[in-house]
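Below: one structure, written as structure tokens.
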Amino acid sequence: MVNAPGEQLDAILDRQRHAWCEGNRPTIEQLLADSDFRDHPELQLDLIYNEIVLREELGEQPTEAEYAARYPRLQSALERQFEVHRAVLDRRLTETAHLNGPITVPAFESPLVQLELLLPDYELLERIGHGGMGVVYKARHRRLNRFAALKMFQPGRIPTERELLRFQAEAEAIARLQHRNIVQIFDVGQAGELPFLALELVDGGTLADRLRQLPFAPRAAAELIQTLAEAVQHAHERHIIHRDLKPTNVLFADDGTPKLTDFGLAKLLEAEGDTPRDATRTGDPIGTPRYMAPEQAAGQVDLIGPATDVYGLGTLLYETLTAQVPFVSSSVVETLERIRSEEPLSPRRLQAGIPRDLETICLHCLHKEPRRRYASARALADDLGRFLRGEPIVARRVSTGERIRKWCRRKPAQAALIGIATIAVFSACAAAGFWQYRERERVAELRVEVDDLVHRGQEALAQDDIETAQERFREAWRVVQGEDALAAYRTGVAGWLDHSLRAANRQAWKQRTPPREYDERRDDAIAMSLLLDGSDAAAIAGAREAIAAALAFTLPDDAAWRGERELLALVDAAMLERAGEVGAALARMDEAGEGTSRAFLRKKAEYLFRMDRRDDAKNALARAGTLPPDETTERFLAGIDKLRARDFAAAEPEFEAVLDAAPEHFLARYCAALSAYHQNRFAEAKVGFTACIAQRPRFAGSYRYRAECRMKLGDADGAHRDRTRAAELRAAGR
């Protein structure tokens with residue numbers, strides 16, 4: 027699964043910095059060679075900017091002329107970038123002249139205790155969120171006895187110039203806003219030398235959480251987006267564009283009140299001539315790809331304005347109605363291209379019960395051209411109000427007949443010629459008409475069959491009959507896969523199939539059935555393979571032997587075991603790949619068969635591309651595209667890849683997403699705890715490994731790592747007990 031572009035970019039930037047710190051100097055082209063951004067000028071500018079900063083840190087003085095010669099097609103952008111860079115340096119020198127040195131935060135074994143020393147007015151209760159650069163704590167103001175969400179940089183992490191400016195911009199943006207549907211700011215301060223924001227605590231979950239269950243009813247969706255549109259209008263009137271409207275940025279209070287949050291990418295428009303003051307630097311991905319407006323996806327920064335947020339509200343309305351976004355693809359580049367060039371699928375094709383007027387409002391927000399959307403968020407809110415009151419809406423759908431009549435009045439001569447040609451064509455096609463009629467009837471019958479199967483699956487889900495629901499959705503999938511005329515149905519049917527799989531996972535977790543011996547063997551083998559590098563031949567051989575031992579418990583010709591055998595083949599091939607044997611890895615996957623999952627076929631396609639077998643790789647990708655999605659497995663495998671690359675911060679959200687969909691997934695819980703451990707969050711890691719022990723008391727790895735956590739936390743006796751238990755289990759072959 028492809029990461030969000032911000033995560034990919036941060037990973038490349040981190041790799042660039044580490045290489046320079048080690049004395050290497052990779053070129054921009056080398057850093058982008060294996061990414062989706064090889065030809066993306068904005069992201070090239072990001073890496074150029076980072077290289078300039080690194081060179082200045084080493085005492086060098088890079089010049090604009092030098093980079094203009096290296097990248098002539100980016101000359102004008104480089105001129106602006108150097109101008110902005112000089113201005114930022116001047117500003118920061120002025121602002122920080124009183125400081126004696128760079129920002130430093132001492133590393134402490136217990137971050138919460140140390141942070142409370144730096145925040146005397148607040149009692150930190152628990153961590154409730156974190157990202158690549160920041161963390162959010164639930165806290166209580168000691169004197170005011172008021173709960174708040176404290177947002178700050180990760181303790182022990184030195185923020186970059188860009189991150190400090192963005193943090194300041196978010197504070198300025200929220201401070202301008204006073205609205206019941208926007209998260210309020212209580213306080214701005216310093217924890218040591220790092221800034222923090224004290225925000226209104228909203229702990230009723232996010233819109234993303236609610237959309238994991240079922241789509242909203244049409245009226246509920248319209249009421250929610252009307253409320254959010256009024257909040258967005260309040261921000262626009264105060265010269266603030268949000269630019270990153272998505273379900274995770276919509277929070278709900280305990281009473282159900284929705285509230286907008288996360289103005290970290292906000293664009294401030296000054297009242298004097300609407301001059302943009304941007305919180306991001308040149309090349310930043312301003313928004314989340316699947317929720318970007320076309321002007322964002324095309325990098326047309328000058329077109330970003332209120333209409334951009336109207337588009338964002340349209341994507342939220344689309345997703346609340348259908349439980350899926352208008353555009354998504356297998357890679358970031360493809361997703362952005364679809365946003366720029368394709369029209370969204372009609373929501374009524376995905377959910378037949380959506381009223382036509384509400385569909386019209388939604389699609390009016392999603393016009394490619396900003397000027398053709400609603401003129402303001404207030405206009406959108408007003409039209410949603412008309413829909414809710416049963417009044418005629420403003421965004422009226424123009425009928426095909428009306429468009430034809432208008433064109434005929436504008437072009438009478440061409441209309442007459444076309445009319446004559448139409449009569450001739452009609453006569454020539456009359457013989458084929460009957461066949462086409464029969465074909466349409468057949469397809470219509472198939473559509474009715476699919477709609478009926480999906481409806482029966484939904485009814486089974488409502489009655490908690492998960493097995494029947496899965497059967498109905500699989501039948502519907504087989505129908506739409508075998509008929510090109512029903513291609514538009516595939517996304518919706520795949521979504522319901524995935525939803526039923528998630529429901530089955532949650533049901534299995536509630537039942538807490540003991541693991542099979544095969545499950546324990548498989549998890550042992552995968553755990554052994556996680557943190558090996560290609561130079562440890564003995565460890566790789568041991569991991570591969572454990573995989574072979576787990577495979578011995580499966581039946582090669584039994585379709586019920588096919589998915590498990592493919593998963594173990596993926597892990598085994600990864601061991602060979604890390605040893606530098608890509609050809610052997612491909613051969614190992616060939617042994618497993620043709621492949622019955624998207625994750626298996628995509629990985630096989632990757633190996634085929636690396637072996638320069640491009641036609642075979644394209645065929646594998648084409649077959650992958652015909653298979654239903656399994657987001658849980660794909661995110662788990664993506665997390666394992668990041669764990670093997672030792673990118674623990676990026677791996678952790680993948681495993682958390684897996685656990686959200688499949689709480690019984692032992693390895694995802696183990697890997698999430700492992701990620702926390704390698705980020706020196708030992709208290710959290712200890713809790714995670716304790717949960718693993720409760721789920722699988724015979725898994726030695728959990729005891730071994732919990733012992734390490736206990737040692738770090740000063741519990742030597744507990745560490746000794748865990749090490750003893752781990753040794754006993756290893757001796758018993760566990």
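The opening position of the sequence shown corresponds to residue 27 in the numbering used here, with each subsequent residue numbered one higher.
C-beta atoms are modelled at their ideal positions from N, C-alpha and C, and glycine is treated no differently.
- In the assembly as shown, Lys177 is a buried residue. Its beta-carbon has 16 or more other beta-carbons within 10 Å.
- For His167, the uninterrupted beta strand (DSSP E) run begins and ends at 160-167, by DSSP.
- Beta-bridge pairing by DSSP links Lys285 to Leu277.
- Between Phe674 and Glu152, the alpha-carbon positions lie close to 21 Å from each other.
- One thing to note: Leu271 has its Cβ within 8 Å of the Cβ of Asp335.
- When Pro67, Gln42, Ala91 are compared, the shortest CA-CA separation from Val79 is found for Gln42.
- For Gln326, the three-state secondary structure derived from DSSP is coil.
- Distance from Ala165 to Leu150 at the Cβ level is roughly 5 Å; contact confirmed, criterion being Cβ atoms closer than 8 Å.
- DSSP, read as helix, strand or coil, puts Gly609 in helix.
- A straight-line Cα-Cα distance of about 12 Å links Ser526 and Glu485.
- By the CB criterion at 8 Å, Cys735 and Phe692 fall outside the cutoff.
- For Pro655, the secondary structure class from DSSP, reduced to helix, strand or coil, is coil.
- According to DSSP, residue pairing for Val214 in a beta bridge involves Leu223.
- The DSSP-derived three-state label of Gly521 is helix.
- In this structure Asp383 is buried. Its beta-carbon is surrounded by 16 or more other beta-carbon atoms within 10 angstroms.
- According to the DSSP assignment, Phe579 belongs to no alpha helix (DSSP H), since it is labelled neither H nor E.
- Taking 8 Å as the upper bound for CB-CB distance, Ala37 and Ala676 are in contact here, some 6 Å apart.
- The three-state reading of DSSP puts Arg172 in strand, counting E and B together.
- The shortest C-alpha to C-alpha distance from Asp408 to any of Gln259, Thr494, Leu220 is the one to Gln259.
- Annotation for Lys394: no alpha helix (DSSP H) segment contains it, and DSSP assigns it neither H nor E.
- With respect to the C-alpha of Ala401, the residue from Phe242, Val420, Leu145 having the closest C-alpha is Val420.
- In the assembly as shown, Glu592 is a buried residue. Its beta-carbon has 16 or more other beta-carbons within 10 Å.
- At least 8 Å separates the beta-carbon of Ala197 from that of Val209.
- Contact between Leu602 and Ala595 is ruled out by a C-beta separation of about 11 Å, above the 8 Å threshold.
- Note that the C-beta distance between Ala551 and Ile566 is not below 8 Å.
- In this structure Arg624 is not in contact with Asp583, their Cβ atoms being roughly 23 Å apart against a cut-off of 8 Å.
- Put simply, the backbone Cα of Ala248 is about 8 Å away from that of Phe413.
- For Tyr163, the CB contacts under 6 Å within the same chain, skipping 5 residues up- and downstream, are Leu150, Arg153, Leu176 in chain order.
- Across the set Ser357, Val480, Ala257, Ile211, the C-alpha of Ser357 shows the shortest separation from the C-alpha of Ser61.
- Going by DSSP, Ile552 is part of the alpha helix (DSSP H) stretching over 543-554.
- When secondary structure is reduced to three states using DSSP, Lys644 falls in the helix class.
- One thing to note: Arg482 has its Cβ no nearer than 8 Å to the Cβ of Arg500.
- According to DSSP, Arg153 shares a beta bridge with Tyr163.
- Looking only at Arg724, Phe278, Ala255, the smallest Cα-Cα distance to Ala758 is reached by Arg724.
- In the DSSP assignment, Pro332 falls within the alpha helix (DSSP H) that extends over 332-348.
- When the five nearest sequence neighbours on each side are left out, the beta carbons in the same chain lying within less than 6 Å of the beta carbon of Pro185 are those of Phe179, in order along the chain.
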